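Chains as they are written, first to last, in our numbering: chain A, 515 to 1324; chain B, 115 to 429; chain C, 750 to 983. Written out below as structure tokens is the structure these notes cover.
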Amino acid sequence: MTNSWTDIKNTDLVIIMGGNAAEAHPCGFKWVTEAKANRGAKLIVVDPRFTRSASVADFYAPIRQGTDIAFILGLINYCIQNDKVHWDYVKAFTNATYLVKDGFSFKDGLFSGYDESKREYDKSSWDYQIGEDGFVMVDDTLSNPRCVWNLLKEHVSVYTPEMVERICGTPKDKYLKVAEMVAETSSPTKTMTSMYALGWTQHSKGSQNIRSMAMLQLILGNIGMRGGGMNALRGHSNIQGLTDIGLMSNLIPGYLTIPTQKEVDFATYMSTRGFKPLRPDQMSYWQNYKKFFVSFQKSMWGDEAQPWNDFAYDWLPKLDVPAYDVLRAFELMHQGKMNGYVCQGFNPLLSFPNRKKCTDALSKLKFLVTMDPLDTETARFWENHGEYNDVDPSQIQTEVIQLPSTCFAEDDGSLVNSGRWLQWHWAGGTPPGEAQRDTWIMAQIWKRLKALYEKEDGPLPDPILKVRWPYADPDDPKADEIAREINGYAIEAVYDPTDPTKVLVEKGKQLASFGQLRDDGTTSCGCWIYTGCFTEDGNNMARRDNSDPDEAGFYSKWAFSWPANRRILYNRASADMNGQPWDPSRKVIAWNGTKWEGYDVPDIAPTAKPDVVGPFIMNPEGTARLFTRTMMKDGPFPAHYEPFESPIANPVAPNVKGNPAARVFEGDMAQFGEAEKFPYAATSYRLTEHFHFWTKHVQPNAVMQPEFFVEISEQLAEEKGIKQGGWVKVMSNRGEVKAKAVVTKRIKPLQCDGKTVHIVGVPLHWGFTGVAKKGLGPNTLTPFVGDANIETPEYKAFLVDIAPLTEPVS
Amino acid sequence: MYPPLPNPSVQPSAMQYGQEDLVRRSASTVPTPPRQLTPVAKLIDVSKCIGCKACQVACLEWNDMREEVGVNTGVYENPHDLTPASFTLMRFTEWENGETGNLEWLIRKDGCMHCGDPGCLKACPAPGAIVQYSNGIVDFVKENCIGCGYCVKGCPFNIPRISKVDHKAYKCTLCSDRVAVGQGPACAKACPTQAIVFGPKEDMIQHANARIEDLKSRGFQNAGLYDPPGVGGTHVMYVLHHADKPEIYADLPKDPKISPVVELWKGLTKYAGLTAIASFVGIGFLHHIVSGANRVSAEDERNAKRLTENQPGGG
Amino acid sequence: MERPYDVGPDDKVHPGDPVTVDRYTPAARINHWITAASLVLLALSGLALFHPSLFFLTGLFGGGETTRAIHPWIGVVLFFGFLGLFLRFWRANLWRGEDGTWMRRLSDVLRGHEENVPEVGKYNAGQKLYFWTMSVLIIIMIGSGVVLWDQYFAEYTSVGQKRAAVLIHAVGAVVSICVWIVHVYAAIWVRGTIRAMVKGSVTGGWAWRHHRKWLRELVTGKRDDQGSGAKPAE
């Protein structure tokens, strides 16, 4: 989230699209009800189903799953056509005025540079025109046809309300009502917040779904504002922490990247990072990349990471592919190339698409280690559970080692919520049975690995042998020790760069902010964006002061929000070119003539002059990108692509199947089903009664939603002879599930491109362990394909067929 | 508009009310309470409710009840009805609004309404099994309950359920045990959107009025408070977007009253019945006093003897 | 057409001094007293739940809960007990011509002037009325009682039906008790009656005085050759 959960109370309009906040985030949804009750805010829900969020919405518009980009680009088109643009904001704070290379184009659904055989783009034309001064050329008048604004205007012009209706199935009158409500927030004194979740990410163009809305929010001037922003509602209580701390195969903590195998040394690695500003006087904060990286290396290897060995750069793994994401990992297992799998707090057998492929992949492993508080299906993938897990244990040779671990309520630590708040928690119970903290288990594994390397040696033992292990009890690192390590400390005294006699941080002390990090090895920091969470003042994550001056919604003394306890990212953009708030009633920070001050920590150097330095300091431009250059694999602008399995051909690019830049593994093209055989558009989702596959182990939750079901419209039920509460079979090209039928008015057939599209909803909470009724789930049905940029599986749009079953399932 | 209600203090508190605050006690009379407690109410804002069922789980947990894992019958209600363990239940109605053409998914938290004039208490034959405190809470006292199920018949909202295990009646207690020590009900505490709030009834009505104003501004012209006078008002109230049609919310009664059948049973029948029985006994006495015993005379015996001797038979 | 007289197969006259007449077999007496005891217990347990002032009566049954639990079972006993009585006596309780006259002259009966009413058979019109009233009431009571028997039958009826049942049950109970009071009082008032149900026999004088037609029939030996209730009345 750019903003915080609490800030949602400041909004005028909430748009829930690509998510179902009331259902999947009921506690956070509280702030929507606050905004509605206390500000008279309105709520729009756009969803294929009339969800629990829709039940409390002011306006609901249906949409066919996987067509969000068309819907939003249509909104951008509407705003441009109707002059509902926050012009001052767009001109000053976005790259609208920047000129783009002449070679860039978009035609027949493809951007310039497409290579069909590789399913990849040559992105060299997707960039700015650079002037002689080394900076981007701009046209403040927006008259140059090659400026981003004009390219965007042309790009979105195809998405008229009529075209949106054709693609999305959203009736035009409803669509225009949404457009009108959204466009109103282009006023400087109105804001809209976007709340989205996996309904946007779990698509083959998930990243572009989100970009579309981010662009709309920029055009409306809603980023950096109180009550505005792009608010990703994370699917687990600590999934934000997971990405922050780098549990992605291509990341190291703080969104630094793992080197690729082409980056043979530190100098090469750094040459493409630490971006220089693209416009004069901009902060381009990634210029500090080396400070963050070196401090991370020092936290990993301490004294062993020295300038002479490039701070142990060689000890980092080097990627030979863009990422070893989960889909690739299972592909490799399936090919027999990955033989061991340590599965920590994860249930891929139910979480990954194409379950059969997952089962086959796990069956080929030599060993599988699970670390989980629960008896997961993954740990039991080899066990026959009849139709719910129809495997032959005698044919599976995988050795499975289950390591029971504690759950969040049984240990100390921090959780990072969607709003980037690091909130400390304390153990509330004792772990049952043999359960151990994950940190204890990891320490034991490391200890034994180290002993093995010491005894037997092996290729490159240094990363293991020389790792820094500064814990009081090496067998059992404590949460606060790790938190202090992540925050970082001064290995040597840290001096003020402008006054080398002035000591900023004494040797051995905890760092107060990432501004104190150094690239010479004098500081150590596990995750630079978290610096400030555990300082000499103590554990800031454990702060519980809920004071909120002027009820502005910041709660700055509650826990710690990264970065630097900032509650609203890009908050400089809440003020105009003179540094005064666009909306005085929504002040975040303001320029007092010499520096920025206000409710929040300024997201800019405190003395950066408002008319000089742009708000988007992480970008070398200093502005936000409507045109994203080469940062995305599938285009600098979003474009509508159908899901890989779609009931209709792409109305704007009939020859393009799916997202042309999305990765499809060899052999996986054949897994896609066609609409002739599988005519219904299915989507998967959570229900509020459950959390993922966890709460089916919890008796009261199992009572609340005991049994797997699918949801269909009354029309489809009638067509197929399906009865309320009757058994049905849902089939895709990859598998089939049996479920109870919930026949509902909340799902209605849509008219898309002249065709009636029926929607089948498949919730995901059932498996074969736990206390709820056994059941299957959507991943038996879903295709093995992910988002072009980050490989999040396409769970939200796939094709199925459905038929009633007369006999009850045993 | 109304600010979010603060959480109650978590400091331990002495019991704030008890037996002396009873205003009604089933099948018995109570002395006039020495004081009047502030009437309390739980306000359920249907327009804020997202149907998450946290209240259901909180209720099970606080009351230490366990429900069976059931089945799906094609609807979202689970369990499928109130049970002796589930004192509260989200009821879901898909309602097509004919005026706007919009679908509305009406979600109502069902449970005891804590009537001002509780039908259950009126029907209950067991002394002290159902009590009403002067703050309005109607509570079942398990020790005194005999499990006859009369409360079920007495209730205008069809709320109490009789356990098949211990044959006692169960329903929402308005968390009387929590309220007595200064806390709100468990469901209100668990509600993520403050669709359930609890406090003095006066305050709740004010809160409701602000909510109704907001709903009216959003086009719900008939938004209103459900505090039906027919049962003496309730200490569980609803804010409804369509207060003119409460029946669309899973058959919430439009003008609930204690059933006239129950009134007759527990009113006239009760007194007239005993009077009738007493009268019959009395008439018997009087008759006996006036007429004396109807004895067989010696003459009768002789006549019988004569008859049998004249015509011997049987034998 | 004279129908066969309504005497039981085991009704017999024993000459002597006084004459005795067998009126009820031991089986019939046991049947009666089981039914009677059930009715008393039902009345006591029912009244305990009927009016708060009588709730103390639950003490007789071991408390409110057992009272609630046991009452319907007693009802079942009563039902089958009465069913036995019904099968035994229904034929003798069929309405006859003289019964109307007897009823019309009820005031004479109450004043002890039985000489003014026609001779009656085994049962007089009052007894017959009691018999049939009880038969109907017991059907009503068992029917409404089952509806109220939540332990086993809660799910088969709606709350509305249960409410109707509870009122019907209550009113039915009051009427039953009142009718029963008349029955008991009549047995007490008409001396010599109780021994019929205790010893099984009455004196000839009692039969002469109250059921002369029955006595005459017994003496003349004219009897219902099929036994009671074995075949329809006509």
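Quick reminder that beta carbons are idealized off the backbone N, C-alpha and C, glycines included. Bear in mind that the values here come from a model prediction, so they are computed numbers and not experimental data.
In the displayed model, C661/A falls within a strand according to three-state DSSP. Between T152/B and N258/B, the beta carbon gap of about 26 Å keeps them out of contact (Cβ cut-off 8 Å).
At least one CB of chain B lies nearer than 9 Å to the CB of K911/C.
Listed in chain order, the non-local C-beta contacts of Q297/B below 6 Å within the same chain comprise P122, local neighbours out to five positions each way being set aside. Look at the segment 1219–1233 of chain A: the residues with a C-beta under 9 Å from a C-beta of chain B are Q1219, P1220, E1221, F1222 and F1223.
The segment 989–1003 of chain A makes contact with the segment 1042–1053 of chain A; the number of CB pairs closer than 8 Å reaches 3 or more. Taking 9 Å as the cut-off, the beta carbon of F881/A is found closer than this to the beta carbon of I915/A. Between A919/C and chain B, the shortest Cβ-Cβ separation is below 9 Å. Per DSSP, Q811/A is one residue of the alpha helix (DSSP H) stretching across Y803 to W815.
When C-beta distances to chain A are compared with 8 Å, the residues of the segment 161–184 of chain B below that value are S161, K162, C163, I164, G165, C166, K167, A168, Q170, V171, L174, E175, R180, E181, E182, V183 and G184, in chain order. Under a criterion of Cβ atoms nearer than 9 Å, the residues of chain B adjacent to H800/C are, in order, A141, P239, K384, Y385, G387 and L388. The beta-carbon separation of C226/B and V350/B, rounded to 7 Å, stays under the 8 Å limit for a contact. Taking a C-beta distance under 9 Å as the contact criterion, I772/A and L833/A qualify as a contact pair. Counting along the chain, no beta strand (DSSP E) covers H1154/A, and no H or E run does either. Per DSSP, the beta-bridge partners of A1104/A are E1111/A. Apart from the 5 residues on each side of it in sequence, A1104/A sits with its Cβ closer than 8 Å to the Cβ of A1089, G1093, Q1094, P1095, W1110, E1111 and G1112 in its chain, given in chain order.
Pairing P794/A with P675/A, the inter-Cα distance amounts to about 40 Å. The beta-carbon of L809/C is placed no less than 9 Å from the nearest beta-carbon of chain B. Counting only residues of its own chain and dropping the five nearest sequence neighbours on each side, E208/B has a CB closer than 7 Å to the CB of L217 and W219.
Inclusion of Q950/A and S908/A in the CB contact set at 9 Å is not warranted, their separation being larger than that value. Excluding residues up to 5 positions away in sequence, R869, G1249 and V1251 lie with their Cβ nearer than 6 Å to the Cβ of T1294/A in the same chain. At a cut-off of 9 Å between beta-carbon atoms, L157/B makes no contact with chain A.
A Cβ-Cβ contact shorter than 9 Å links A875/A with M847/A. Within 7 Å of the CB of I221/B, the CB atoms of chain A belong to S569, in sequence order along the chain.
In the same chain as E210/B, and ignoring 5 residues on each side of it, the C-beta atoms closer than 7 Å to its own belong to L217, in chain order.
For P153/B, no chain A residue has a Cβ inside 9 Å of its Cβ, as the nearest lies near 24 Å away. At least one CB of chain A lies nearer than 9 Å to the CB of L217/B. Proximity of chain B to R940/C at the Cβ level (cut-off 7 Å) is accounted for by A407, N408, R409 and V410, in chain order.
At the C-beta level, N1173/A and Y1155/A come within 9 Å of one another.
Taking a beta-carbon distance threshold of 9 Å, G1281/A does not count as an interface residue toward chain B.
Within chain A, the C-beta atoms nearer than 8 Å to that of D328/B come from K550, A551 and G554, in chain order. Against chain C, a Cβ distance below 9 Å from D365/B picks out nothing, because the smallest value is about 12 Å.
Here G894/C is near A914/C, since their CB atoms are less than 9 Å apart. The beta carbon of A843/A lies closer than 7 Å to those of M852 in the same chain, with the five residues before and after it left out. Relative to the Cα of W960/A, the nearest Cα in the group P946/A, D976/A and G947/A belongs to D976/A. One alpha carbon belongs to E423/B, the other to P764/C, and they sit about 7 Å apart.
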